[in-house]
Each structure stands twice: as structure tokens, then as C-alpha cells.
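Written out below as C-alpha cells is the structure these notes cover.
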Amino acid sequence: MRAIVVSEPGGPEVLEWREVPEPRPTRGEVLIEVTAAGVNRADLMQRQGLYPPPPGVSEIPGLECSGVVAEVGEDVEGFAPGDEVCALLAGGGYAERVAVPWEQVLPAPSGVTLAEAAGLPEVVCTVWSNVFMAGRLRRGETLLVHGGASGIGTCAIQMAKAFGSRVVVTAGTPEKIAYCLELGADEAINHREEDFAEKVTADVILDIMGAKYLGRNVSALNTGGRLVVIGLQGGLRGELDLGALMARRGSIISTGLRNRPVADKGVIVRGVLENVWPLVAAGAVLPIVHEVVPMADAARAHRILESGDHIGKVLLAR
1 MRAIVVSEPG GPEVLEWREV PEPRPTRGEV LIEVTAAGVN RADLMQRQGL YPPPPGVSEI
61 PGLECSGVVA EVGEDVEGFA PGDEVCALLA GGGYAERVAV PWEQVLPAPS GVTLAEAAGL
121 PEVVCTVWSN VFMAGRLRRG ETLLVHGGAS GIGTCAIQMA KAFGSRVVVT AGTPEKIAYC
181 LELGADEAIN HREEDFAEKV TADVILDIMG AKYLGRNVSA LNTGGRLVVI GLQGGLRGEL
241 DLGALMARRG SIISTGLRNR PVADKGVIVR GVLENVWPLV AAGAVLPIVH EVVPMADAAR
301 AHRILESGDH IGKVLLAR
């Protein structure tokens, strides 16, 4: 088969569309003929040599895909050849075929095309596991989302609104601000012009920045608030005022998705299937797709993501 290979750590130009050995499904795995794959910031980090795949996982980038089941291994439950699906991956999505544990596979939801479904697994599982499972967001509470116009941000807006929460986002351009408000955000703050900590308090904060926002995030927590850190774009090390955190009876949660055991991912996927897939079918939660790029031209997709000008997801399609 053909797949995108990272020839060496570097810029987008190191992504090459090459012949590679085809994966075979082992016990408990599903082999998917890939229709499309989502592009995530973690893929950019992997290309740069900063985020290697877990041990034993394919070196091919790609943390989510959609397609058709081509083959199933022993002990696979609920899937058969010919099924249209999408999947949460630990790697391997930028390829013609990928093998994945069946627990991480979802039936393609109604309401979207099979290609569009590739833009759902990573972001929906990220939001569900962090905002709702770890962050325990409840109806009527306020969610603050940093990077509201990103793939995760646009998904978080829709999911939180569907579950009856108030949503505030930060974004960096008037166009992104306007889009987030159109999508359902109750308030949008231009982080280049205003300090979000002076304008909003929240019960749950979904943070992609890490160190750069740590102090202000704590200041923005309501009493009993939960700060959930899922990214470190603003640095690894910050200074924490424990007194301010204790005064708010707040908590800080840091999580990742890619390196979790298959059983843990299976719990998340089942939660998504039960709680979010009906919202997708109803049109309340949809993938926001900025552009679909041919898979062989993955370098261009990475440049789009690195530019920061996109809104929503960038997809690779065969």
C-alpha cells in the first residue's frame, strides 16, 4: 500500500507518499480501507520529532480516519467487512489501510459523509473525555475554551451547547471570533486584544496553552472550577499560585489521549457512541471542515495547520 512517511524530522517537505508494507489485523483488530484521515497538531509535532508514537505503534502519522472495514481479526465484536466506520488511532491514519483495535472503532454516523466522519473521532473523544468525563461539565455551567476556532474548539462549542452549558471562547482574529459566535458560543474574546481572565469566570476551562495561561486560567476559575490542560503550545513550565487555587477550591487536571491503554480508549469511545453520536445524527454536532487535501499532498495540509488561518478541521482524502 501507499502511505505518508516521515523521512526525517523537519518541515512539511519531509512528508513523502511511499510504498510501505500493508498492515495485517491481529487478534482483536479491524483493518480499515481508509477514505479520509484527520490532520491534528500532534501530527505536526510527530513530524518534527517532538511526539513519537507509543511503543509498537505505526510510525505513519494520523490519529483518526474513516473508511470501510476490509478485514477483521479474531475476537472482533460488532464489525464485519463492508461496514462504514471511523476510528480513533494511535497512529497510521495517513495511509491507504490501517489496522486498529476494534474497541476504538465507531460506526460512521448518519448526518455526515464518510469523508467528513474522519474529522470526528479525535476531537469528539478529546472533548468527551476531557470536558465531560474529567472536567464533569454540567448543564448550566460555563465552559471556557481556548482556541475556539480549532478543530477541538469548534467541537467543544457544539457539544457543550448541546448539553445545556454556557460557552465562552478565545480566538485571535475577528473572523474566528465571528465564526465561533455563529456556531453557538455565548461570548468570544480576542486574546490578542483583551485579557480573558479580566472578562470571564468559568466552571471548566479547556486549555491548549499550558504554562503561558496557567496563572490567568486559575484566576478565571469559579469556586470549585476545573482546569483541564490538554496542550502545551504556550510552554511546559509555569508558576502556580497555590493560594489562588485553594481559594477557589479549584483543581487542575492534565490528560492525554494517544498513550492511553486500549481499554481506556474503549470506555471513551463507548461514551461517545452513546452520548454524542445521536447529536451528530440530529445535526447538533457536526465536523467543521476547513479544507480537504489529497492525502499524497499531506505537506500542504500541514502548512495550512501551521499557518493558524484555518477554522475547524483539515482532512486528507484518498
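Take the sequence shown: its letter number 302 is residue 302 in UniProt numbering, and every next letter is one higher.
Yeah, the Cβ is synthetic: ideal placement off N, Cα and C, and Gly gets one too.
Element boundaries [beta strand (DSSP E), containing residue i]
| i | result |
| --- | --- |
| Ile-230 | Taken as a continuous stretch (DSSP letters only), Ile-230 belongs to no beta strand (DSSP E), as it is neither H nor E. |
| Gly-67 | 64-72 |
| Val-123 | Where Val-123 is concerned, there is no enclosing beta strand (DSSP E), although the alpha helix (DSSP H) it sits in stretches over 121-127. |
| Ser-251 | 251-254 |
One or two residues paired with residue i in a DSSP bridge
| i | result |
| --- | --- |
| His-146 | Thr-170 |
| Gly-38 | Leu-315 |
| Val-289 | Lys-313 |
| Glu-84 | Val-68 |
| Leu-106 | Cys-86 |
| Phe-16 | The sequence given here has Glu at residue 16, not Phe. DSSP output for Glu-16 lists Val-5 as bridge partner(s). |
| Asn-190 | Ala-171 |
| Ala-99 | Leu-31 |
| Lys-294 | Per the sequence shown, the amino acid found at residue 294 is Pro instead of Lys. Answer by DSSP bridge pairing, in chain order: Ala-317. |
| Arg-226 | Val-204 and Ser-251 |
Cβ neighbours of residue i in the same chain (closer than 7 angstroms, five flanking residues each side left out)
| i | result |
| --- | --- |
| Tyr-213 | His-146, Asp-207 and Gly-234 |
| Asp-75 | Arg-27 and Gly-28 |
| Leu-44 | His-302, Leu-305 and Glu-306 |
| Gly-164 | Arg-139 and Gly-140 |
| Ala-42 | Tyr-51, Leu-63 and Arg-258 |
| Leu-183 | Thr-154, Ile-157 and Gln-158 |
| Tyr-94 | Ala-3, Ile-4, Ala-37, Ile-60, Pro-61, Gly-62, Met-295, Ala-298 and Leu-316 |
| Glu-116 | Pro-287 and Val-289 |
Status (buried if at least 16 other CB within 10 Å, exposed otherwise) for residue i
| i | result |
| --- | --- |
| Lys-313 | buried |
| Gly-210 | buried |
| Lys-265 | buried |
| Leu-137 | buried |
| Lys-176 | buried |
| Leu-236 | exposed |
| Thr-113 | exposed |
| Met-295 | buried |
| Asp-203 | buried |
| Glu-274 | exposed |
| Gly-308 | exposed |
| Pro-101 | buried |
| Glu-103 | buried |
| Gly-224 | exposed |
| Ala-282 | exposed |
| Arg-270 | exposed |
Closer than 8 angstroms to chain B by CB, residue i
| i | result |
| --- | --- |
| Ser-254 | Here there is only one protein chain, and chain B is not present. |
Presumed contact (8 angstroms Cβ cut-off) between residue i and residue j, rounded CB distance
| i | j | result |
| --- | --- | --- |
| Ile-15 | Ala-299 | A quick correction: the sequence has Leu, not Ile, at residue 15. That belief holds up - the Cβ atoms of Leu-15 and Ala-299 are roughly 5 angstroms apart, short of 8 angstroms. |
| Gly-119 | Gly-92 | About 17 angstroms separates the two Cβ atoms, so there is no contact after all. |
| Ile-32 | Ala-87 | 6 angstroms |
| Ile-230 | Ala-220 | 16 angstroms between Cβ atoms; not a contact. |
| Val-169 | Cys-155 | In fact, because the Cβ distance is near 12 angstroms, the residues do not count as touching under 8 angstroms. |
| Val-34 | Arg-318 | 6 angstroms |
| Arg-97 | Pro-23 | 6 angstroms |
| Ala-171 | Ala-197 | Contact flag wrong, Cβ pair sits at about 16 angstroms. |
| Ile-253 | Val-228 | 5 angstroms |
Own chain residues within Cβ distance below 6 angstroms of residue i, not counting five before or after
| i | result |
| --- | --- |
| His-310 | His-290 and Ile-304 |
| Pro-12 | Ala-299, His-302 and Arg-303 |
| Gln-48 | Pro-9 |
| Trp-277 | Pro-109 |
| Ser-129 | Ile-268 |
| Val-6 | Val-14 and Arg-47 |
| Arg-18 | Val-5 |
| Leu-245 | Val-218 |
Residue range of the alpha helix (DSSP H) that includes residue i
| i | result |
| --- | --- |
| Asn-275 | 262-275 |
| Val-204 | Note, Val-204: premise wrong, no alpha helix (DSSP H); beta strand (DSSP E) at 202-207. |
| Ile-152 | 151-162 |
| Ile-304 | 298-307 |
| Ser-219 | 214-219 |
Same chain, Cβ closer than 8 angstroms to residue i, neighbours up to 5 away in sequence not counted
| i | result |
| --- | --- |
| Gly-82 | Val-68 and Val-69 |
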